[in-house]
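Novice: Would you mind keeping the following structure in view while I ask a few things?
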Amino acid sequence: MEVHRRPLRRRDRRAPRRGDEGGRVAAVARTRRVPRCIQRRAGRGSESMKEENEEQIAALLRLAGPRPRVSDERAARIREAVHAEWRRSVRRRTAAWSLGIAAAAILAVVLFVPHTSQRSTPIATRPAIVAQVQVPPYTKIAAATWIETHENNTLSLDWNGATLRLDEGTRLRVDSPRAATLERGTIYFDSHVGAAALSGTATAEGIGRHISTAFGEIRDIGTQFEVRLAEDSLRVRVREGRIDLRRGVQTYIADAATELVAFRERVERNTIATSGADWAWIEHAAPPLRLEGLSLREAVTRVAREKGLRVELRDVDGSVRLHGTVDFTPDEALVAATAATSSSYRIQNGTLIVRKR
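Sequential numbering of the sequence shown, starting at 185, is according to this note's numbering.
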């Protein structure tokens, strides 16, 4: 056998050289003979299509709901394993955990400090969230309970079938199933009765709650209204229905789209809008909305009620049933419901209009 020190026929081809695997593909690959300016324009169009597709997919995923629930046996095994690991980590980081637990405890006390008694009768429940601190579903609130919200936190309560929401910096005492005392801040009340009360068809359980303040007592008559208590005045804004403001022997009546401002010596009356930015905190404090089993009309009506709007359906079937167990905000629910029914919406002159695409 003859072994050559160099490649044969050296003059016909050069000796093999080292090269990267793959033939050295360019760092920024592009179609040959296509100017880069055209490629950039095409890329921008594809990005907008991608964003639109992602929005539609996200809406469908929300409607699809979560995966099937994990079995209790499997969940127990996972919980035990995680708990064991957690206990080992606690021993290694005792000091750090102590500080974290103390901070969380202080936050919880500041945000929600109920005073309970074994003989007290539960009069309100809460299936929602206070900022980052979650109140267990249907937490029982006893008579003479003080509820206080911290800065940047809101709260929504189911008060004996009605909705009671607290804005940030509010302090309220729930006195009974039909009475509460506002010490400071802002609350929103919705009896869920509406115009039925004014027509005489509402039940007695749905109306007649009282909110006491330093400037007078507010009584609802099948209504949605907001009460804002400051140091020198009380403002009551009626979104729907009617309220009575009682001050001593005098009673002031306010209907929908009316505002009463009470000072120490006088009461002023103004006309107001029933939707818009001034009502935004109420929507942010709303409990989650689920679409499962609702018709398109029912879902849109609930969202419109949160926003203080009328509803108009154009060329769409309002009886179409929606499905999904995801908890939505009102805006998210509106997007998901219209996406699932191939419809669109817009807000015009105080009306939420839904129409076929």
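All C-beta atoms, glycine included, are put in the ideal place defined by N, C-alpha and C.
Keep in mind it's a predicted model, so treat the numbers as computed, not measured.
What did DSSP end up calling D515 once you bin it into helix, strand or coil?
Specialist: Taking the first residue of the sequence shown as position 1, residue 515 is located at position 331. Correct three-state label for D515: helix.
Novice: Specify the secondary structure class of A398 as computed by DSSP and reduced to three states.
Specialist: As a first step, residue 398 is located in the sequence shown; it is residue number 214 there, counting from the start. Coil at A398, not helix or strand.
Novice: Can you look up E352 in the DSSP assignment and give me helix, strand or coil?
Specialist: Taking the sequence shown and counting its residues from 1, one reaches residue 352 at position 168. In this structure, E352 counts as coil in the three-state DSSP scheme.
Novice: F373 bridges to which residues according to DSSP?
Specialist: Numbered from its first residue, the sequence shown carries residue 373 at position 189. DSSP lists L348, F409 as partners of F373.
Novice: Grab the span of the alpha helix (DSSP H) containing L480 for me, first residue to last.
Specialist: For the purposes of this step, residue 480 is identified with residue 296 of the sequence shown, where counting begins at 1. 480 to 491 is the span of the alpha helix (DSSP H), which, as asked, contains L480.
Novice: Taking the C-alpha atoms as reference points, what is the distance between R486 and F512?
Specialist: Here the question's residue 486 lines up with position 302 in the sequence shown. Here the question's residue 512 lines up with position 328 in the sequence shown. Looking at the two C-alpha atoms, the distance is approximately 12 Å.
Novice: Spell out the partners DSSP gives T535 in its beta bridges.
Specialist: Locating residue 535 in the sequence shown gives position 351, where the first residue counts as 1. Looking at the DSSP assignment, T535 forms a beta bridge with R494, Q532.
Novice: Rounded to whole angstroms, what is the Cα-Cα separation between R349 and T535?
Specialist: Translated into the one-based positions of the sequence shown, residue 349 becomes position 165. Translated into the one-based positions of the sequence shown, residue 535 becomes position 351. One C-alpha to the other measures close to 24 Å.
Novice: Quick one: residues in its chain with C-beta nearer than 8 Å to the C-beta of G477, no 5 flanking neighbours on either side, listed in chain order?
Specialist: Numbered from its first residue, the sequence shown carries residue 477 at position 293. Only R505, L506, H507 meet the Cβ criterion.
Novice: To the nearest angstrom, how far is the alpha carbon of E239 from that of A520?
Specialist: If you number the sequence shown from 1, residue 239 lands on position 55. If you number the sequence shown from 1, residue 520 lands on position 336. Approximately 10 Å, taken between the alpha carbons.
Novice: Evaluate N337 with the Cβ neighbour count: other Cβ atoms within 10 Å of its Cβ, from every protein chain shown; 16 or more gives buried, anything less gives exposed.
Specialist: Position 153 of the sequence shown, counted from the start, is the residue given in the question as residue 337. Buried, because 16 or more other Cβ atoms sit within 10 Å of the Cβ of N337.
Novice: Classify D359 as helix, strand or coil using the three-state DSSP reduction.
Specialist: Along the sequence shown, read from residue 1 onward, the residue named residue 359 stands at position 175. Residue state, collapsed to three classes: strand.
Novice: So what does DSSP say about A328, is it helix, strand or coil?
Specialist: Numbered from 1 along the sequence shown, position 144 holds the residue referred to as residue 328. Correct three-state label for A328: coil.
Novice: Assuming E452 is part of the beta strand (DSSP E), what are its boundary residues?
Specialist: As a first step, residue 452 is located in the sequence shown; it is residue number 268 there, counting from the start. Its beta strand (DSSP E) spans residues 451 to 455.
Novice: When the Cα of G369 is compared with those of V420, K491, G406, H394, which residue comes out closest?
Specialist: Within the sequence shown, residue 369 is the residue found at index 185, counting from 1. Nearest of V420, K491, G406, H394 to G369, Cα basis: V420.
Novice: Please state the DSSP three-state secondary structure of A469.
Specialist: Counted from its first residue, the sequence shown places residue 469 at position 285. Note: A469 maps to coil in three-state DSSP.
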